[in-house]
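A short worksheet on the structure shown next.
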Amino acid sequence: MDARRDVIQGSKTGITIAAMAAALMSVLDISIVNVALSDIRASFGTPLDQIAWVSTGYMMANVVVIPMTGWLQRRFGYRKYFTFSVILFTVASVLCGLSWNLTSLVAFRILQGMGGGAIIPTSQAILFARYPREEHGMAGALFGLGAVTGPLLGPTVGGLLIEAASWHWIFLINVPVGLFAAYMAWRYIEQPHFEPSTEKVDKNGIALLAVGMACLQYVLEEGNREDWFDSRLITLLAVIAGIALITFVVHELETPSPVVDLRVFGNRSYSAATGVNFLVGTALFSGSFLFSLFCGSVMRYEALDIGLIFLKGSAIQILLMPLIGKFGGKVDGRYLIGFGILGMSLSLWTNGHLATRVDEITLITPVFIRACSLGFIFVPLSVMALSNLRPEQRGNAAGLFNLTRELGGSIGTAWMSSALSRSTQANVTAITSHVDVYGQVAQEQVASMTGAMAARGVLNPTGAAYGLLSQRINAQALVRAFNANFLILAALFVCALVLVVMLQKADPNVKVEGAH
Numbered sequence: 001m002d003a004r005r006d007v008i009q010g011s012k013t014g015i016t017i018a019a020m021a022a023a024l025m026s027v028l029d030i031s032i033v034n035v036a037l038s039d040i041r042a043s044f045g046t047p048l049d050q051i052a053w054v055s056t057g058y059m060m061a062n063v064v065v066i067p068m069t070g071w072l073q074r075r076f077g078y079r080k081y082f083t084f085s086v087i088l089f090t091v092a093s094v095l096c097g098l099s100w101n102l103t104s105l106v107a108f109r110i111l112q113g114m115g116g117g118a119i120i121p122t123s124q125a126i127l128f129a130r131y132p133r134e135e136h137g138m139a140g141a142l143f144g145l146g147a148v149t150g151p152l153l154g155p156t157v158g159g160l161l162i163e164a165a166s167w168h169w170i171f172l173i174n175v176p177v178g179l180f181a182a183y184m185a186w187r188y189i190e191q192p193h194f195e196p197s198t199e200k201v202d203k204n205g206i207a208l209l210a211v212g213m214a215c216l217q218y219v220l221e222e223g224n225r226e227d228w229f230d231s232r233l234i235t236l237l238a239v240i241a242g243i244a245l246i247t248f249v250v251h252e253l254e255t256p257s258p259v260v261d262l263r264v265f266g267n268r269s270y271s272a273a274t275g276v277n278f279l280v281g282t283a284l285f286s287g288s289f290l291f292s293l294f295c296g297s298v299m300r301y302e303a304l305d306i307g308l309i310f311l312k313g314s315a316i317q318i319l320l321m322p323l324i325g326k327f328g329g330k331v332d333g334r335y336l337i338g339f340g341i342l343g344m345s346l347s348l349w350t351n352g353h354l355a356t357r358v359d360e361i362t363l364i365t366p367v368f369i370r371a372c373s374l375g376f377i378f379v380p381l382s383v384m385a386l387s388n389l390r391p392e393q394r395g396n397a398a399g400l401f402n403l404t405r406e407l408g409g410s411i412g413t414a415w416m417s418s419a420l421s422r423s424t425q426a427n428v429t430a431i432t433s434h435v436d437v438y439g440q441v442a443q444e445q446v447a448s449m450t451g452a453m454a455a456r457g458v459l460n461p462t463g464a465a466y467g468l469l470s471q472r473i474n475a476q477a478l479v480r481a482f483n484a485n486f487l488i489l490a491a492l493f494v495c496a497l498v499l500v501v502m503l504q505k506a507d508p509n510v511k512v513e514g515a516h
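Residue numbers (the numbering used here): 1 to 516.
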């Protein structure tokens, strides 16, 4: 195979702008949609247990496409595949904004996910293919800058758009960005020596992957709402996912032209890096899920207020990413990653000591620590994951590397959602067992609250006082559950240090094709 087939030429600035804009658009869309779910539900009159399909449909398409990006890049080339993916995402965004009911919106979100799943790994692969080896740190930092800005701006932009217009605009806002990114990509990405792959299409592998990943994602997204394996549907889909994915692994290891080359996991450094990346996804996404839920359910913050907390605490990433990209190459990446893991664990540990009422600084501080820590993890981890792989393995490995973080986030969020419910109920029982409603302390509180209720003109002040006491018990139980889950995540993420020891220092003489 001609090694020059993956070489990208063209304006470095133009290609960088195209990749950053597309990555920003794709990542922004995920966080911005979550803010609008309640408004979409009200607009369509959708039951609470069905509105989650707006996110579930997108993620199911996402996780099917991501591992296939390396194979699709080899068949169509960076320029065609990337531009098509951006256009598909943009057109689907327009259709989402024009959708007339939940069914149409979910269908268009699945279409959008097919485009979005390719954008993230392909954007990074393009940058790493275009930049020379000595500038790969900066290439990763610039890409990371676009990728992390999306989650920072998403909740805030979403809240502003909904307040100023309607939920339709959270999708329509993608149109100018998508058209611009597609234009820049088509104009500046040049791959003069590209020759389409003539590999036989692995139809069985594609079918097994699609069925297995779609079923797995559905189980992770809907399992908690369906009470997990008490639901026949969840049980059935979990069995199908297990059989399909096990068969997929066996098939891919035996077929000469696999759609996903799993042999890459034979490289110790890559396997360790994907393990760290999985835990990063678990800690990052499930930690953000818990934090947002705490701010909304305990602190009673609106979506825009929660977005501003994230923005204030995480803005440092915009400055930190380029600095690490420029100077990080002078330090062993394992030390940077280890430092970032300790910082991330500290952030989660700090979150594990919240109360029913905290000030804004208390909320922003762990977000700030997390933002700084992620800057030290993202760039060196992606470089160290792929630097010691053979050139023909790297495009495929980039998609798998990205997939591990997405799966870590999905599994972690499903786990934390279920654990939060169980822990809250256990805490309510424990606290109630220690509260004697007829004891002196409880009666004094009830008497005080009864007087306050009577002064406000409440018709049944005593009943309202007991209701308020019950609310306080539930609130305390919920906060304890949040704290326990944050501490579990902190302890789990510290374990990533074991995997850091297995990482191999990046080979300065090897060209990296892509990662995220």
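We treat Cβ as the ideally placed atom computed from N, Cα and C, and that holds for glycine.
The structure displayed is predicted, hence computed values, not measured ones.
For Thr255 against Leu127, the beta-carbon gap comes to about 31 Å, at or over 8 Å, which does not count as contact. Burial state of Ser433 is exposed, judged by a 10 Å Cβ sphere holding fewer than 16 other Cβ atoms. Look at Gln73 here: in three-state DSSP terms it is helix. For Glu226, the secondary structure class from DSSP, reduced to helix, strand or coil, is coil. By the C-beta criterion, the region 137-151 is judged to be in contact with the region 25-32, since at least 3 inter-stretch pairs fall below 8 Å. As a beta-bridge residue in DSSP terms, Glu190 pairs with Gln9.
Taking 8 Å as the upper bound for CB-CB distance, Gln217 and Met60 are in contact here, some 5 Å apart. The beta carbon of Lys326 sits closer than 8 Å to the beta carbons of Gly137, Met138, Ala141 from its chain, once the five residues preceding and following it are set aside; these are given in chain order. Contact between Leu400 and Val260 is confirmed by a C-beta separation of about 7 Å, below the 8 Å threshold. Separation of Thr362 and Val177 (C-alpha to C-alpha, rounded to the nearest whole angstrom) is 35 Å. Remark: C-beta atoms of Arg405 and Gly281 approach each other more closely than 8 Å. Contact between Pro155 and Phe310 holds: their C-beta atoms lie close to 6 Å from each other, under 8 Å. Short of 7 Å from the beta carbon of Phe493, and not among the five residues preceding or following it, lie these beta carbons of its own chain, in chain order: Leu279, Ala283, Ile341, Met344, Ser345, Leu348. A straight-line Cα-Cα distance of about 25 Å links Pro322 and Asn174. The continuous alpha helix (DSSP H) containing Ser123 extends over residues 102-130.
For Arg232, the enclosing alpha helix (DSSP H) covers residues 232-254. Judged by DSSP secondary structure, Glu360 falls within the alpha helix (DSSP H) whose first and last residues are 360-386. Of the candidates Asn204, Lys203, Asp39, Phe482, Asp39 places its Cα closest to the Cα of Ala165. The criterion of a C-beta distance shorter than 8 Å is not satisfied by Gly57 and Arg130. Exclusion of the five residues before and after Glu221 leaves Thr56 as the residues of its chain whose Cβ lies within less than 6 Å of its Cβ.
Ranked by Cα distance from Val276, the options Asn402, Ala182, Ser292 are led by Asn402.
By the Cβ-count criterion, Gly77 is buried, with 16 or more other Cβ atoms from all chains shown falling within 10 Å of its own Cβ. A buried status is given to Asn267, since no fewer than 16 other beta-carbon atoms sit within 10 Å of its beta-carbon.
The criterion of a C-beta distance shorter than 8 Å is not satisfied by Met384 and Leu290. Where Val298 is concerned, there is no enclosing alpha helix (DSSP H), because DSSP gives it neither an H nor an E. Rounded to whole angstroms, the gap between the alpha carbons of Phe180 and Arg75 is 25 Å. Inclusion of Glu190 and Gln9 in the CB contact set at 8 Å is warranted, their separation being smaller than that value.
Bounds of the alpha helix (DSSP H) holding Ser314 are 303-314. In the assembly as shown, Pro47 is an exposed residue. Its beta-carbon has fewer than 16 other beta-carbons within 10 Å. Within its own chain, the residues whose Cβ lies closer than 6 Å to the Cβ of Leu102, once the five positions on either side in sequence are excluded, are Phe44, Thr46, listed in chain order. A Cβ-Cβ contact shorter than 8 Å links Phe378 with Gly144.
By the Cβ neighbour-count rule, Ala241 is buried, with 16 or more other Cβ atoms within 10 Å of its own. With respect to the 8 Å criterion, Gly205 and Phe171 are not classified as neighbours on the basis of their beta carbons.
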